[in-house]
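**Q** This is the structure, below, for whatever I ask next.
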Amino acid sequence: MRCSGLLDHLRLNLFLLFLLFSFGYGETVIKLKKYVETEKPNLNLSQIADIKTENKSFLQFLSSIKVAENLKPGEKTTLTKNDIKNILKKNYVDPDSVIITGSSVALKRKEIIISKQTVEEKVSEYLKKKYKDINIESIDFSLKPFKPDSEYKIKIKERSKTTSRIYLTALVIQKGKEKKINISVRYKQMVNAPVPKKDLLRGQIINEEDIEIKEVPAQRGIITDKKLLVGAVVRTTLKKGKPVKISMITPDYPVKRRSYVKVIYDRNGIKIEITGIALENGIIGQVIKVKNQSTGKILPCKVIGKDTVLFVGGL
1157 MRCSGLLDHL
1167 RLNLFLLFLL
1177 FSFGYGETVI
1187 KLKKYVETEK
1197 PNLNLSQIAD
1207 IKTENKSFLQ
1217 FLSSIKVAEN
1227 LKPGEKTTLT
1237 KNDIKNILKK
1247 NYVDPDSVII
1257 TGSSVALKRK
1267 EIIISKQTVE
1277 EKVSEYLKKK
1287 YKDINIESID
1297 FSLKPFKPDS
1307 EYKIKIKERS
1317 KTTSRIYLTA
1327 LVIQKGKEKK
1337 INISVRYKQM
1347 VNAPVPKKDL
1357 LRGQIINEED
1367 IEIKEVPAQR
1377 GIITDKKLLV
1387 GAVVRTTLKK
1397 GKPVKISMIT
1407 PDYPVKRRSY
1417 VKVIYDRNGI
1427 KIEITGIALE
1437 NGIIGQVIKV
1447 KNQSTGKILP
1457 CKVIGKDTVL
1467 FVGGL
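Counting along the sequence shown from 1, when you hit position 124 you're at 1280 in the numbering used here, and nothing is skipped either side.
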């Protein structure tokens, strides 16, 4: 330990000699702040003063000098200009080589109180990091505010999750002891869905410029593919920013019921095209019933394009 301390001391002296003879300080000004309130027990010079110097390396060195250590919650103290000079001397900086302005700086470490808000912030931070697609509606638990006896940390653990609730435990850890707080979080699952930019009335045809993608609460039956909306006809008034259900529109089906369609048979190198009549509306990829115009036979066919289907039956 003694050799290690001597080595650190030697390194510091070499660093300061490097600063002195390679670059020079230039004009260095340390302007003390009047008042600093902190949540931290330790403070560096840069946290209690504004430092200006042309030498970047010297600036880094000065900024890192410790000026206060082990401040207790609620503790107040004052550092005078002379205190700063003595601290500089201890760190091998000639105080006469720098300009110190301001007579003193008052320091106070904030009282540490673990409140409901403290825990809520930790819970929100944990959930936002773990679940990108949920909206927190409420964080439910009871806690009487208290002052910790020492430095502490809060750890969040998930116990279980349902479709609307996440159950957590917050552990307040100090001096190796744990205080457990059970928490229930109510949330909504969110999805990206196309929604109207404005109110759309019954009978209107939906154009691409009429819609935008927005994060909304997940609901059964809402449309998440904007291709189903573009070209569709509004059946019931669509409200601005609200998700759309399939029952609220008549999609622009590429194959419409009772329309003539081209039926393609493509098997084993044999390709035949015939005309059929669609018995159902169909979107791309959907299998619908088509009537062979010549024979009257009902054929299972997959919609592959505008008024075009592919025979997918067994023959």
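Even glycine gets a Cβ: it sits at the ideal position worked out from N, Cα and C.
So, at 6 Å on beta carbons, what are the nonlocal neighbours of K1462 in its own chain, with the 5 sequence-adjacent residues on each side left out?
**A** These residues qualify, in order along the chain: P1410.
**Q** To the nearest angstrom, report how far apart E1231 and K1264 are at their CA atoms.
**A** C-alpha separation (whole angstroms): 6 Å.
**Q** Measure the C-alpha to C-alpha separation of P1229 and R1342 and round it to an integer number of angstroms.
**A** Near 34 Å, if we compare the C-alpha coordinates of R1342 and P1229.
**Q** Is N1200 helix, strand or coil when you go by DSSP?
**A** In this structure, N1200 counts as strand in the three-state DSSP scheme.
**Q** Applying the criterion that 16 or more other CB atoms from any shown protein chain within 10 Å of the CB defines a buried residue, is G1425 buried or exposed?
**A** Classification of G1425: exposed, given that the 10 Å Cβ count is below 16.
**Q** Could you spell out where the beta strand (DSSP E) holding N1211 opens and where it closes?
**A** N1211 -> no beta strand (DSSP E), and no H or E assigned at all.
**Q** Which stretch, first to last residue, makes up the beta strand (DSSP E) that contains K1246?
**A** Element bounds for K1246: not the beta strand (DSSP E) but the alpha helix (DSSP H), K1237 to K1246.
**Q** Answer yes or no: do V1185 and T1236 have a C-beta to C-beta separation smaller than 8 Å?
**A** Cβ distance not < 8 Å, so V1185 and T1236 don't count as in contact.
**Q** I1255: buried (16+ other C-beta within 10 angstroms of its C-beta) or exposed?
**A** The residue in question, I1255, is exposed, as its Cβ has fewer than 16 Cβ neighbours within 10 Å.
**Q** Quick check on P1456: buried or exposed, where buried means 16 or more other Cβ atoms within 10 Å of its Cβ?
**A** Classification of P1456: exposed, given that the 10 Å Cβ count is below 16.
**Q** Among T1194, Y1287 and L1188, which residue has its Cα nearest to the Cα of L1201?
**A** Answer by Cα proximity: L1188.
**Q** With H, G and I counted as helix, E and B as strand and the rest as coil, what does DSSP make of V1417?
**A** Looking at V1417 - three-state DSSP - the assignment turns out to be strand.
**Q** Hey, would you say I1310 sits closer than 8 Å to L1324, going by beta carbons?
**A** No, the pair does not count as a contact, with Cβ atoms beyond the cut-off.
**Q** Would the region 1389-1407 and the region 1356-1367 be scored as touching if the rule is three or more Cβ pairs under 8 Å?
**A** Yes, the region 1389-1407 touches the region 1356-1367.
**Q** Jot down the residue ranges of each uninterrupted alpha helix (DSSP H) in the region 1350-1408, minimum 4 residues, whole runs only, in chain order.
**A** Entirely contained in the region 1350-1408, not one alpha helix (DSSP H) run reaches 4 residues.
**Q** Tell me whether the beta-carbon of E1436 lies closer than 8 Å to the beta-carbon of K1447.
**A** Their beta carbons are not under 8 Å apart, which means E1436 does not touch K1447 by this criterion.
**Q** Where do the N-terminal and C-terminal ends of the alpha helix (DSSP H) with L1283 fall, by residue?
**A** L1283 -> alpha helix (DSSP H) spans K1272 to K1286.
**Q** Bridge partners for D1448 per DSSP, in chain order?
**A** Per the sequence shown, the amino acid found at residue 1448 is Asn instead of Asp. Paired residue(s): G1432.
**Q** Under 8 Å between the Cβ atoms of G1438 and V1459?
**A** Yes, the Cβ-Cβ distance between G1438 and V1459 is below 8 Å.
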